[in-house]
Amino acid sequence: MRATHRRGILACLFGMLAVFAPIAAMAGVRPTGAWVFDRVADYPGVTMMRVDRTGHGLEGRLTSRWYGDIAMRNVALHGRTLHFDTRNINDRDRPTRHWTATFDPAGGVLLKGGIWHGDIAQHGRRGTPRNVRTLTFRPAAPLPPLATLPPDDLAATPPMGWSSWNRFADKIDDSTIRAMADALVDSGLRDAGYLYVNIDDGWQGVRGPDGVLRPNERFPDMKALADYVHAKGLKLGLYTSPGPRTCAGYEGSYGHVAQDARTFADWGVDYVKHDLCSGEWFYDTAEGVKQAYLAMGQALRATGRPILYSLCEYGRFDVANWGRSVGGHVWRTTGDITDDYKTMSDIGFERNPRFPHAGPGGWNDPDMLEVGNGGMSRDEYRTHMTLWAMQAAPLIMGHDLRHMTDETRDLLAMPTLIAIDQDRLGEQGRRVRRADGVEIWRKRLADGAVAVAMFNRTTDPQSAVSMPDDSGLVGPVRVRDLFANRNLDQGGGALTIAPHGVVLLRVEPVMASR
Ligand code: GLA
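Residue numbers (our numbering): 583 to 1096.
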């Protein structure tokens, strides 16, 4: 009996040695459990790493302020270092990223890796159960099933206004926005049709214990600001994201969509731009993105306040095809504009071609205007405005309205150009022909006239002739050169188009006299 017992103890000891030997070989490294990071790089904001040993080996996830839980893939421990991969959405050329977590004998960890544009190296320590409780990411409630929202009567013509982003990025505050409202009125641009004052990214603060999102300290009272803007005969716009973080890293509406829509309505907001940003981590299929945008569309409708809904997901998943059905009035079709001819003309000429989807109630949005920001010449800005007007694009200015030249103001306020953009037929104009760097675009107007734009995409002056076919009108026509402000001979004759410039014609049928 005793010998058997001894053999049993020995077997047990050997067994334990067999189990512990690999751990001993790791020289005391125990990667499993929760690790927390006190000094967290802003992007992607990794606050915690949790590692488990499962039947499949090591598994784990990072918790991030931008993307919630990020699965750690291909987890393997080599010596003191844990190696793993994460997906790297946003970067098609590099769809996964490699990370390491190196454990030190004092009980710390150094996490290195990155997502998209953020590379990090940050130190951490073992987390307490309390840390884990507070840092654990809570996924939002499931999204609504796909449905089609009925049209409403907003955005019969493309919205016009101003937005803070192109000129100020997130360096904005209450007094700057008030000053822009003042300048809209004083410059006459409000009366030219620019009604929305849109606060883009950078107004958000944190959520209170009730979950309600507060503006940050630069916006002490959003309701008072809305009242101020309304008292000037203007409308107020705000910006948010379906993700946990906006593109500039502010609080997004993830998990709070309905609540935020109500908050916006309570403040008196008239326009909401919903920018995918970190939401692309969660909603990366056509269906998911549609549902995410539908959730805000439904939430805005449920407030009972007429709020113009702007979808900003950079044209993914053919948004022009379904933007209306989720309640959208405008939908971005492209990535961000910048204040240079190359980007502007690439967007304006090439990247906004979903013509049939534009029309009263819903518009393709090639992004906001850069007119007045100084990066383009007079002729390039004319091209910018004309391209946008010909395509019935939203005209959302993006410069400092307090400081603009007469040339800028006159271009933005040009009644004949605005009339083309705002034409109630709502046709999105398109290219009818091109040759030698000259493009001819046509837009039919509600009164039977036709706008014909002749663009010169080269850096030399070009001579071009407007052909009768360009307007598509048969019979006698009257032709007016809108920038030159003069009538032309029948058909227009040969015209000189400045480098990167445009000649814009309004061609109208002349009624045969009886
Ligand atoms: C994205 C949008 C921009 C702007 C910024 C704000 O880049 O496309 O229009 O709203 O986010 O962060």
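Using N, Cα and C, we set each Cβ at its ideal position, and we do this for glycine too. Since the model is a prediction, treat every value here as computed from it, not as a measurement.
Are residue i and residue j touching if we call contact CB-CB under 8 Å?
{"i": "L1087", "j": "L1055", "result": "no"}
{"i": "G943", "j": "A738", "result": "yes"}
{"i": "Y778", "j": "G819", "result": "yes"}
{"i": "Q873", "j": "L728", "result": "yes"}
{"i": "L693", "j": "V628", "result": "yes"}
{"i": "F619", "j": "G642", "result": "no"}
{"i": "G831", "j": "P721", "result": "no"}
{"i": "E833", "j": "V871", "result": "no"}
{"i": "R743", "j": "I978", "result": "Contrary to the premise, residue 743 reads as Gly rather than Arg in this sequence. Against a cut-off of 8 Å, the Cβ pair of I978 and G743 comes out as a contact."}
{"i": "T828", "j": "Q786", "result": "yes"}
{"i": "T916", "j": "D949", "result": "yes"}
{"i": "V912", "j": "A877", "result": "no"}
{"i": "V1089", "j": "A1017", "result": "no"}
{"i": "A1028", "j": "R1006", "result": "yes"}
{"i": "G695", "j": "R708", "result": "no"}
{"i": "S1053", "j": "M1036", "result": "no"}
{"i": "P826", "j": "W648", "result": "yes"}
{"i": "L664", "j": "T636", "result": "no"}
{"i": "I759", "j": "L807", "result": "yes"}
{"i": "I1002", "j": "K1025", "result": "yes"}
{"i": "T614", "j": "M630", "result": "no"}
{"i": "V657", "j": "L640", "result": "yes"}
{"i": "Y853", "j": "L890", "result": "yes"}
{"i": "G1008", "j": "A940", "result": "yes"}
{"i": "K855", "j": "D782", "result": "yes"}
{"i": "W1023", "j": "M972", "result": "yes"}
{"i": "F931", "j": "L993", "result": "no"}
{"i": "N748", "j": "G957", "result": "no"}
{"i": "R662", "j": "V611", "result": "yes"}
{"i": "S746", "j": "I754", "result": "yes"}
{"i": "A995", "j": "G770", "result": "yes"}
{"i": "N670", "j": "R679", "result": "yes"}
For residue i, name the three-state secondary structure that DSSP assigns.
{"i": "A808", "result": "helix"}
{"i": "W747", "result": "helix"}
{"i": "W698", "result": "coil"}
{"i": "V622", "result": "coil"}
{"i": "C859", "result": "helix"}
{"i": "G787", "result": "strand"}
{"i": "Y875", "result": "helix"}
{"i": "D755", "result": "coil"}
{"i": "G870", "result": "helix"}
{"i": "S1053", "result": "helix"}
{"i": "P1091", "result": "strand"}
{"i": "H814", "result": "The question names His, but residue 814 is Lys in the sequence shown. It is coil, neither helix nor strand."}
{"i": "H966", "result": "helix"}
{"i": "K841", "result": "Note that residue 841 is Gln in the sequence shown, not Lys. The answer is helix: DSSP assigns Q841 an H, G or I state."}
{"i": "T1040", "result": "coil"}
{"i": "Y923", "result": "helix"}
{"i": "P797", "result": "strand"}
{"i": "I1000", "result": "helix"}
{"i": "T822", "result": "strand"}
{"i": "L1007", "result": "coil"}
{"i": "G706", "result": "strand"}
{"i": "I978", "result": "strand"}
{"i": "P604", "result": "The predicted model places P604 with a pLDDT of 41, which falls under 50 and marks its position as unreliable; any figure quoted below should be read in that light. Of the three classes helix, strand and coil, the one that applies to P604 here is helix, per DSSP."}
{"i": "T990", "result": "helix"}
{"i": "M972", "result": "helix"}
{"i": "T716", "result": "helix"}
Considering only DSSP beta bridges, list what residue i is partnered with.
{"i": "W849", "result": "In the DSSP output, where bridge partners are listed per residue, W849 has none listed."}
{"i": "D660", "result": "The sequence shown places His at residue 660, not Asp. Partner(s): T663."}
{"i": "G642", "result": "V633, M654"}
{"i": "D1063", "result": "R1068, L1087"}
{"i": "T668", "result": "R679"}
{"i": "C894", "result": "D857"}
{"i": "T833", "result": "Note that residue 833 corresponds to Glu in the displayed sequence, not to Thr. The partner list for E833 (beta bridge, DSSP) reads R827."}
{"i": "A1017", "result": "V1020"}
{"i": "W528", "result": "Since the first residue of the chain shown is 583 and the last is 1096, residue 528 is not available in this structure."}
{"i": "A947", "result": "In the sequence under discussion, the amino acid at residue 947 is Asp, which differs from the Ala named in the question. R914, per the DSSP bridge assignment."}
{"i": "I1079", "result": "Q1044"}
{"i": "Y778", "result": "G743, K817"}
Against chain C, does residue i count as a neighbour if the rule is that its beta carbon must be under 8 Å from one of theirs?
{"i": "R1088", "result": "The structure shown contains no chain C; it is built from a single protein chain."}
Inset, instruction - Examine the Cβ distances between the region 978–990 and the region 761–772 and report whether three or more of them are shorter than 8 Å. - result: Contact between the region 978–990 and the region 761–772 is present, because at least three Cβ pairs lie under 8 Å.
Inset, instruction - Pair every Cβ in the region 845–855 with every Cβ in the region 795–805, then say whether three or more of these pairs are closer than 8 Å. - result: The region 845–855 is in contact with the region 795–805.
Legend entry - the region 964–977 / the region 1076–1086 touching (three or more Cβ pairs under 8 Å): Because the criterion of three Cβ pairs below 8 Å is met, the region 964–977 and the region 1076–1086 touch.
Legend entry - At least 3 beta-carbon pairs within less than 8 Å: the region 802–814 vs the region 1031–1045: No: fewer than three Cβ pairs fall under 8 Å.
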